[in-house]
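J.: Here the protein sequences come in this chain order: A and B.
For the first sequence, position 220 matches number 1352 in my numbering, and the numbering has no gaps at all.
For the second sequence, position 210 matches number 283 in my numbering, and the numbering has no gaps at all.
A virtual CB, placed ideally from N, CA and C, is assigned to each residue, including glycine.
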Amino acid sequence: MRSAGACDRCLARSWLLGRLAGHLEPVRQRIDPLLGLSDEALIAAVAGEQRAAVARELERFDVVRARERCAVAGVEPICRCHRAYPGGLAALGSPPAVLHVCGGLERFLALVAGQPVALVGARQASPYGLEIARSLARGLGAAGLTVLSGMALGIDSAAHAGALEVGGATVAVLPGGADRPYPASKRALCRRIRSTGAVVSELPPGVTPRRWMFPARNRIIAGLGAMTVVIEARAGSGALLTAAVAGRLHRTVGAVPGRITSPLASGPHDLIAEGGLLVRGAQDVLDGLFGAGARQAPGRSRPDLAPALRALLEAIGEGYDTASAMRRTGLEVDGGLAALATLELTGYLRREPGGRFSVVP
Amino acid sequence: MLARVATFAIDGVEPRQVWVEVDIRSGLPSFTIVGLGDAAIRESRDRIRSAILNSGFEFPATRITANLAPAFLRKVGPGFDAALAIGVLAASGQVPDQALSAYAVFGELSLGGELRDSPGALAVAEGARGAGLARLIVPRERAREAALVDEVAVVGVGSLRAAAEVVRGSDPPALPAAPNRPRPALHEPDLIDVRGHAAPLLALAIAAAGGHNLLLEGAPGTGKTMLARRLPSILPAMTRAEAIEVTRIHSVAGIHADGLIAARPFRAPHHTISAAGLVGGGFPPRPGEATLAHHGVLFLDELSEFQRSSLDALRQPLEDGGVTIVRGQRALVFPTRFMLVAATNPCPCGFAGVDDRCGCGEADLRRHRRRLSGPLLDRMDLLVDVRRPDERDLRSPPSTSSADLRAQVREARERQQRRLAGSSARCNGDMDVRLVRAQVRLDSAAEQALAQAYAVGALSARGRHRVLRVARTIADLRRHDVVAGDDVLTALSLRQRAGADATLAA
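This is the structure we're talking about:
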């Protein structure tokens, strides 16, 4: 283990957050200022009757055992006193004392040292949103950028999966301990992220996620990211919180537009209305980060389409149902189904539950 | 004096010969029945006494012992009444003992001496043929059904008196005429009622042509049930042997009373059904819906609402074409060769892919998928999305009719039978991996499409096998000897995406 990874004091702070996890729950509305308090002030503010007990425990905090626990969990800590601590986080008012990194500290530091892009959005996303998240992450991954997200259901996981699809780098920031995949159903995804990227958390290993940890986690995503892009978010979504933090840090905030009738598009549209970057694809993100045209998003290699197939693809892209799209392009059902299968296999279309096809950008 | 009468017990859906032996000795009046009978058989003593007396015969006031042999076979139900009563009459010299040896007797008695309608007469008639008995006495209501079996002279009688007359040598009554019911064919569901639904219609034709199990996925009210009900109308007609088998099963189950069943069965059990209700069971074992759908269609609507245990129980019937039920050291086999058609919503709320009403997230979809039984989905060759037809379709004329499709299906089946002659499979849906390898030839475009689908992860190894079977059927429908690229692509568009072959990426 790198001896200089984390200092005793920061490890104690991180332990304290885990110890006070229950006490922070009722005051989670004010979590941001609370996280900025010193240890003593924090205990005084939230521990209530257990104030003395917690303070005593903090005094007797066994740093050797804490390090052992990290080692057992396969987690490497790095604290804010360390010179390699990601600079982006230092700008936060309340930078996490320790980042617990699963998947290799060196690699994590290298991945976030570039221009990592945070892709965040709704859990209950639409097939369109998931498709965009996946393809945006594919584009960024192929361009060599790290995709940051929170591994939540919906947009977050789609973003990680997209980056992994092209062998790109991706980092997940978890609300609870870095050794605890959350949500548990994303265990497999977590393993894949860990094997090529990193899974990190502010809290020591073994801590179960609580509600206050989600906004706390979101600030880390915003802090690590050179840019934060929101793909689908209802009003009041956690993804908008991430975007707000990024805005306060003067990082670029991007948003992917949707249909104005969809509640999922209201968050991104608000961001765009407030001057956020309009993101239509990986190229827009690259332009926003490096200046227009400075870097080219690598195109996907897809075979050229016969005119009939292109017409069908366009009709579906315009929002026609498959049956209507086939009729508009003059395809009978036999040929139409074969055409749909061809478009699906060549990566132009994706079949969604319920038999709707969505265009892969 | 001793008399012996042949009858049959129904064991599952199979007949088992039972000898009714009646012995009359001097002694205090008593009537004992031995031979593992159930409560209905114990009570039959009182029915038989009254029936004999009310038919104008004498009931011997001595010691009567009746035995149902073989003694190890558990006998159930009132179908032995008539045989017991005739046995008593023969043992007491009221009907000639000699003439009885050519007869089998079956039916329940009423106190007044009438022979009551008793289910299972066709099975009994098959048993009589198997046992080499020339004549069979059954209740009048069941005569036409039993007469479906050749080589056995069936006598339908209304009463014990009439049965005794026949045995004494009077002319047997003529078979009752077919009931004069309106032809049901006019009301049978027909695909001519369907507007739009081009892809589901194609999937139905493929399913029927190749005997493939089919999953219909779509929002509520899009027409999944309507389409499934019309599947039997395009299946090839049953052979006479199949029809007799179906009639026997339905007769035993007591849901069919008259004549030969000509239409393939369509069974649509409610989703609250238990595993035993679905595959058979209970004591005495009764055929389940899977057996009642033998040679027909088993339709499971709202597949995700069925209990997992019920769905998992369908695995053996789907795999083996039969279900084995073991009761008290005896194993019964119920036949279950049916086509499985299931319908399900795409997501818990049912509106995924339809409009923005669907509020189901990833976790909901995952839960929904988990509710569908994996082993069952593995047996579904085809999945088709059923979407609401648009207004133009509803106004347009029907695109096809059951008669049209049925002709295509018949032709495709004939092609398969020529190809599969001598193998264990009757249709493409039956082909196992080895047969697929031997029988399905692909042209280069087809090879390429399949390889590409496999490469991008759209198929598992098992899914590939399923697609090959379906592609072979599509090629049969299109009269291709070698499977072409478009056949494979069409099969791929109808492949399953649930279970192992979910979607292309995470």
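Who are the neighbours of residue 296/B on chain A, taking C-beta pairs under 8 Å?
T.: The residue you call residue 296/B lines up with position 223 of the second sequence. Neighbours of residue 296/B on chain A: none; closest Cβ ~13 Å, over 8 Å.
J.: What's the gap between the Cα of residue 355/B and the Cα of residue 349/B?
T.: On the second sequence, position 282 is the one that residue 355/B refers to. On the second sequence, position 276 is the one that residue 349/B refers to. Straight-line Cα distance between these residues: approximately 7 Å.
J.: Counting contacts by CB-CB distance shorter than 9 Å, is residue 1146/A in contact with chain B?
T.: Counting from 1 along the first sequence, the entry for residue 1146/A is found at position 14. Chain B, which has no Cβ nearer than 9 Å to the Cβ of residue 1146/A, makes this no.
J.: Just tell me which of 1231/A, 1191/A, 1269/A, 1213/A has its CA closest to the CA of residue 1429/A.
T.: What you label residue 1429/A is simply residue 297 of the first sequence in a count that begins at 1. With distances taken between Cα atoms, residue 1429/A lies closest to 1269/A.
J.: With 8 Å as the limit, tell me which residues of the stretch 263-285 of chain B have their beta carbon closer than that to any beta carbon of chain A; keep them in chain order.
T.: Listed by position along the chain: 269, 271, 272, 274, 275.
J.: Name the chain A residues whose beta carbon is nearer than 8 Å to that of residue 419/B?
T.: On the second sequence, position 346 is the one that residue 419/B refers to. The contacting residues are 1485, 1486, 1487.
J.: On the DSSP bridge list, what partners appear for residue 1211/A?
T.: Counting from 1 along the first sequence, the entry for residue 1211/A is found at position 79. For residue 1211/A, the beta-bridge partners assigned by DSSP are 1230/A.
J.: Under 8 Å Cβ-Cβ, which residues of chain B neighbour residue 1286/A?
T.: One-based indexing of the first sequence puts residue 1286/A at position 154. Simply 434, 435.
J.: Which full runs of the alpha helix (DSSP H) of 4+ residues lie inside the stretch 494-535 of chain B, going along the chain?
T.: Listed in chain order, the complete alpha helix (DSSP H) runs (minimum 4 residues) inside the stretch 494-535 of chain B are 506-512, 517-528.
J.: Taking C-beta to C-beta, are residue 1244/A and residue 1281/A nearer than 9 Å?
T.: Reading the first sequence from its first residue, position 112 is the one you call residue 1244/A. Reading the first sequence from its first residue, position 149 is the one you call residue 1281/A. Not in contact: residue 1244/A and residue 1281/A (Cβ atoms no closer than 9 Å).
J.: Can residue 1221/A and residue 1215/A be called in contact, C-beta distance under 9 Å?
T.: Sequence index remark: in the first sequence, residue 1221/A carries index 89 (1-based). Sequence index remark: in the first sequence, residue 1215/A carries index 83 (1-based). Result no, Cβ atoms of residue 1221/A and residue 1215/A do not sit closer than 9 Å.
J.: Among 396/B, 437/B, 413/B, whose alpha-carbon lies nearest the alpha-carbon of residue 405/B?
T.: Stepping through the second sequence from its first residue, residue 405/B is reached at position 332. The shortest C-alpha separation from residue 405/B is found at 396/B.
J.: Which residues of the stretch 1313-1347 of chain A have a Cβ closer than 7 Å to any Cβ of chain B? Give them in chain order.
T.: 1317, 1321
J.: Just to confirm my understanding: we take residue 1145/A, look at its own chain, exclude 5 residues before and 5 after, and list those with CB closer than 8 Å. What are they?
T.: The residue labelled residue 1145/A in the question sits at position 13 within the first sequence. Non-local beta-carbon contacts of residue 1145/A in its own chain, meaning distances under 8 Å to residues more than five positions away in sequence, involve 1171, 1229, 1230 in chain order.
J.: Could you check how far apart the C-beta atoms of residue 1287/A and residue 1363/A are, in whole angstroms? I think they sit under 8 Å.
T.: Taking the first residue of the first sequence as position 1, residue 1287/A is located at position 155. Taking the first residue of the first sequence as position 1, residue 1363/A is located at position 231. Between residue 1363/A and residue 1287/A the Cβ distance is about 5 Å, and since that is below 8 Å, they are a contact.
J.: Take residue 168/B as the anchor and find which of 234/B, 366/B, 565/B, 307/B has the nearest alpha-carbon.
T.: The residue labelled residue 168/B in the question sits at position 95 within the second sequence. Residue 234/B is the option with its Cα nearest to residue 168/B.
J.: Note down the Cα distance separating residue 1319/A from residue 1313/A, rounded to an integer number of angstroms.
T.: Within the first sequence, residue 1319/A is the residue found at index 187, counting from 1. Within the first sequence, residue 1313/A is the residue found at index 181, counting from 1. Cα to Cα, the separation comes out at about 6 Å.
J.: Going by the beta-carbon positions, is the gap between residue 164/B and residue 83/B smaller than 9 Å?
T.: As a working note, residue 164/B is residue 91 in the second sequence. As a working note, residue 83/B is residue 10 in the second sequence. Contact flag unset, no.
J.: Below 9 Å between beta carbons is the criterion; list the residues of the stretch 1450-1482 of chain A that meet it against any residue of chain B, in chain order.
T.: 1453, 1454, 1455, 1456, 1458, 1459, 1464, 1465, 1466, 1467, 1468, 1469, 1470, 1471, 1472, 1473, 1474, 1476, 1477, 1478, 1479, 1482
J.: Show which residues of chain B have a CB atom less than 7 Å away from the CB atom of residue 1442/A.
T.: Position 310 of the first sequence, counting from 1, holds the residue named residue 1442/A. Here the premise fails: no neighbours, minimum Cβ distance about 17 Å.
J.: Examine chain B for any beta-carbon lying closer than 9 Å to the beta-carbon of residue 1161/A, and answer yes or no.
T.: Position 29 of the first sequence, counted from the first residue, corresponds to residue 1161/A. So no, residue 1161/A is outside the interface.
J.: Go through its chain and collect everything with a Cβ distance to residue 413/B's Cβ below 6 Å, but skip five positions before and after it.
T.: Translated into the one-based positions of the second sequence, residue 413/B becomes position 340. These residues qualify, in order along the chain: 286, 371.
J.: In chain order, which alpha helix (DSSP H) runs of at least 4 residues are fully inside the stretch 1269-1318 of chain A?
T.: 1287-1297
J.: Find the nearest neighbour of residue 1266/A within the set 1278/A, 1292/A, 1277/A, judged by alpha-carbon distance.
T.: For this step, residue 1266/A is matched to residue 134 along the first sequence. Just measuring C-alpha positions, the residue of 1278/A, 1292/A, 1277/A sitting nearest residue 1266/A is 1292/A.
J.: Looking at the secondary structure, which residues open and close the beta strand (DSSP E) in which residue 458/B lies?
T.: Numbered from 1 along the second sequence, position 385 holds the residue referred to as residue 458/B. Note, residue 458/B: beta strand (DSSP E), 455-459.
J.: Using a Cβ-Cβ cutoff of less than 6 Å, which residues in the same chain neighbour residue 1372/A once the five nearest sequence positions on both sides are dropped?
T.: For the purposes of this step, residue 1372/A is taken as the residue at position 240 of the first sequence. Hits under 6 Å: 1365, 1399.
J.: Near residue 144/B, what residues of its chain come up, given a Cβ to Cβ distance below 8 Å and the 5 sequence neighbours on each side ignored?
T.: Position 71 of the second sequence, counting from 1, holds the residue named residue 144/B. These residues qualify, in order along the chain: 107, 108, 109.
J.: For residue 251/B, which of 121/B, 92/B, 333/B has the nearest alpha-carbon?
T.: Locating residue 251/B in the second sequence gives position 178, counting from the first residue. Comparing Cα positions, the closest option is 333/B.
J.: Helix or strand or just coil, what does DSSP make of residue 577/B?
T.: Translated into the one-based positions of the second sequence, residue 577/B becomes position 504. Reliability fails at residue 577/B, whose pLDDT of 35 lies under 50, so the model's placement of it is uncertain and no value is given.
J.: Spell out whether any CB of chain B is found under 9 Å from the CB atom of residue 1280/A.
T.: Looking up residue 1280/A in the first sequence gives position 148. Not closer than 9 Å to any Cβ of chain B, the Cβ of residue 1280/A fails to qualify, so no.
J.: For residue 160/B, I'd like the list of residues in its chain whose CB is within less than 6 Å of its CB, leaving aside the five on either flank, ordered along the chain.
T.: Here residue 160/B is taken as the residue at index 87 of the second sequence, counted from 1. Closer than 6 Å at the Cβ level, and outside the excluded window around residue 160/B, lie 76, 78, 93, 95.
J.: Tell me which same chain residues have a C-beta within less than 6 Å of the C-beta of residue 384/B, skipping the five on either side of it?
T.: Against the second sequence, residue 384/B aligns to sequence position 311. Closer than 6 Å at the Cβ level, and outside the excluded window around residue 384/B, lie 446, 449.
J.: Using a Cβ cut-off of 8 Å, pull out every chain A residue sitting near residue 559/B, in sequence order please.
T.: For the purposes of this step, residue 559/B is taken as residue 486 along the second sequence, with counting starting at 1. Chain A residues near residue 559/B: 1466, 1467, 1470.
J.: Using 8 Å as the cut-off, classify the Cβ of residue 425/B as near or not near the heavy atoms of the ligand NAD, replying yes or no.
T.: The ligand NAD is absent from the structure shown, which contains no ligand whatsoever.
J.: Out of 236/B, 389/B, 517/B, which has the shortest C-alpha to C-alpha gap to residue 451/B?
T.: The count along the second sequence starts at 1 and reaches residue 451/B at position 378. Residue 451/B has its Cα closest to that of 389/B, out of 236/B, 389/B, 517/B.
J.: Tell me where the alpha helix (DSSP H) around residue 1143/A begins and ends.
T.: Locating residue 1143/A in the first sequence gives position 11, where the first residue counts as 1. That run of the alpha helix (DSSP H) goes 1140-1151.
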